[in-house]
Amino acid sequence: MRGGRIGFVGYGGGECGGCKFGLGFVGMVGIGGEVVVFPRNQLLVVNGDRLIEDPVSELEKIESFLGLEHRIGRHNFYFNRTKGFYCLRNDTADKCLRESKGRRHPRVDPKVLTKLRRFYVEHNQKFYELVGEDLGWPEK
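All residue numbers for the sequence shown refer to the numbering used here, where the first residue is 106 and numbers rise by one.
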């Protein structure tokens, strides 16, 4: 990929440069176009919508996936009514993302959303099969 970007590619089985792989692997396309394959058990999909709506449950998934002791709880967050999302709380201070983060998304024309949802529905379904979780896209 150009510009030093890294992208993830899902595979449903086949060959890549002589290596064989099956369903349950995710590949990462590196800067030089090489493909590195990861077993599914080394990949965690974090639902960004759930992370915003219920950060504790998603962070508990991350702790479990990494084999960490569960130390994050509801006591580590508070809901900021002004911003409309959860912020961090610890023993010494409360901390929210800076003003440029966590803002509401702009309104998008419903016709544009419909076109995007139709275009991505097949790709999303393949991704759900690959990661074993339906993330609920498209919403409608």
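A virtual CB, placed ideally from N, CA and C, is assigned to each residue, including glycine.
Beta-bridge pairing of residue i - partner residues as DSSP gives them
i	result
Leu-193	Phe-182, Lys-200
For residue i, the three-state DSSP class (helix, strand or coil)
i	result
Pro-211	coil
Unbroken alpha helix (DSSP H) run spanning residue i, endpoints
i	result
Lys-328	Within the shown structure, residues of the chain are numbered from 106 to 245, placing residue 328 beyond reach of any answer.
Straight-line Cα distance separating residue j from residue i
i	j	result
Phe-143	Leu-235	12 Å
Gly-237	Arg-203	34 Å
Lys-216	Asn-229	19 Å
Val-150	Thr-219	25 Å
Trp-242	Lys-231	12 Å
Gly-153	Glu-227	20 Å
Gly-189	Ile-157	10 Å
Arg-179	Leu-171	20 Å
Proximity test, Cβ basis, 7 Å: residue i and chain D
i	result
Ile-167	The structure shown contains no chain D, having only a single protein chain.
Check whether the region 209-225 and the region 190-200 touch, using three or more Cβ-Cβ pairs below 8 Å as the test.
no
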